[in-house]
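These notes concern the structure reproduced below.
Numbering (our numbering), first residue to last: 14 to 150.
Structural data, given as structure tokens:
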């Protein structure tokens, strides 16, 4: 399978995780089901990871093997591509990691206002990554 096809699959996966995570998180908030909220947050986080895989594969030709490497590669992209730097993707990636994965999924902290905001942030991240993939080679 070529790079273009792999990038497409990563983006499809990102949007599917986003849709499922958003639905699960919002349903959990509405019904007061903490475990559903936490699982939805983890899916939203995975949407960010899949989109990040797509971008890094598209621009650098590789897929990072760890969260440390994802952060390092995003920093590298911010240095190499002005458009990536202007979007602050590394900071945004780290914020989603902390809020969705760390605080909500692992620590069980459910801040309803923050989580509703995070849903919007994840969607914006995915849209920005898709736009970069279309524009940058």
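Think of the CB as a built atom: it goes at the ideal place given N, C-alpha and C, for glycine as much as any other residue.
Check: The region 23-37 touching the region 51-66, judged by at least three CB pairs closer than 8 Å; Outcome: yes
Check: Of the residues 96, 51, 135, 93, the one placed nearest residue 105, counting alpha carbons only; Outcome: 135
Check: Alpha helix (DSSP H) segment containing residue 30, residue limits; Outcome: 16-44
Check: Inter-residue Cα distance where the pair is residue 139 and residue 112; Outcome: 17 Å
Check: Given residue 130 as reference, the closest of 146, 108, 150, 145 once Cα atoms are compared; Outcome: 108
Check: Rounded C-alpha distance that separates residue 98 from residue 15; Outcome: 27 Å
Check: Start and end residues, alpha helix (DSSP H) containing residue 146; Outcome: 125-148
Check: Spatial neighbours of residue 30 in its chain, beta-carbon cut-off 8 Å, leaving aside the 5 residues before and after; Outcome: 56, 57, 59, 60, 63
Check: Cβ shell of residue 76 (< 7 Å), same chain only, five flanking positions each side left out; Outcome: 66, 69, 70
Check: Endpoints, the alpha helix (DSSP H) within which residue 105 is located; Outcome: 102-109
Check: Distance between residue 145 and residue 89 (C-alpha atoms, nearest Å); Outcome: 15 Å
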